[in-house]
Ligand SMILES: [Zn+2]
Ligand SMILES: [Zn+2]
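Numbering (the working numbering), first residue to last: 47 to 185.
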């Protein structure tokens, strides 16, 4: 067994390959079920509403989004999540489809992504204006 740091609460724990400690794992599962049930009955609810009505902290909802267990709909996901690589708004997960593909290609070709010609960053829309249109969905 390996001692790892829990990805959620940062506490060290004995890991069997999992990224969350037992407590967080159980908590997140429980919260996920609660959110899923709430969304079945309240289709199109936003993060704020879900957080308030279920009592699940935003932090957990964001984590579930990054884990691709939840997704946000709406134009560019309302700017709630951004790609960890190119900072473009995404609807779920940690990276946009393009960057994910690039990482896979880079690994397959064994080329460091930094050696590639730099892409011109695409102009970001004003995020403020699209916030609030995002609706949570169960993947
Ligand atoms: Zn934990
Ligand atoms: Zn990206």
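Beta carbons are placed, not taken as given, at the ideal position from N, Cα and C, and that holds for glycine. If you're wondering where the values come from, they're calculated on a predicted model, not measured in any experiment.
{"Item": "Just to confirm, is the Cβ distance from residue 140 to residue 148 under 9 Å?", "Value": "no"}
{"Item": "Which same chain residues, not among the five before or five after residue 136, have their C-beta less than 7 Å away from its C-beta?", "Value": "123, 127, 128, 129, 142"}
{"Item": "Taking the straight line between their C-alpha atoms, what separation do you get for residue 116 and residue 151?", "Value": "26 Å"}
{"Item": "How long is the line joining the alpha carbons of residue 66 and residue 103, rounded to whole angstroms?", "Value": "17 Å"}
{"Item": "Taking C-alpha atoms, which residue in 89, 121, 91, 138 lies nearest to residue 114?", "Value": "138"}
{"Item": "Let's test the definition: count the other Cβ atoms within 10 Å of the Cβ of residue 55 and tell me whether it reaches 16, buried, or not, exposed.", "Value": "exposed"}
{"Item": "Grab me the residues of residue 47's own chain with a C-beta within less than 6 Å of its C-beta, minus the 5 sequence neighbours each way, in chain order.", "Value": "60"}
{"Item": "Spell out the partners DSSP gives residue 103 in its beta bridges.", "Value": "Answer is none; residue 103 lacks a bridge partner."}
{"Item": "Would you tell me roughly how many angstroms separate the C-alpha atoms of residue 118 and residue 144, rounded to the nearest one?", "Value": "18 Å"}
{"Item": "To the nearest angstrom, how far is it from the Cα of residue 57 to the Cα of residue 77?", "Value": "20 Å"}
{"Item": "What residues sit near ligand 2, counting only those whose C-beta is closer than 7 Å to one of its heavy atoms, in chain order?", "Value": "129, 131, 132, 134, 141, 142, 144, 145"}
{"Item": "Can you tell which of 133, 106, 112 has the C-alpha that lies nearest to the C-alpha of residue 72?", "Value": "106"}
{"Item": "Where DSSP assigns a beta bridge to residue 126, which residues make up the other side?", "Value": "Answer is none; residue 126 lacks a bridge partner."}
{"Item": "Under three-state DSSP, which class holds residue 37?", "Value": "Residue 37 falls outside the range modelled here, since the chain spans only 47 to 185, and no answer is possible."}
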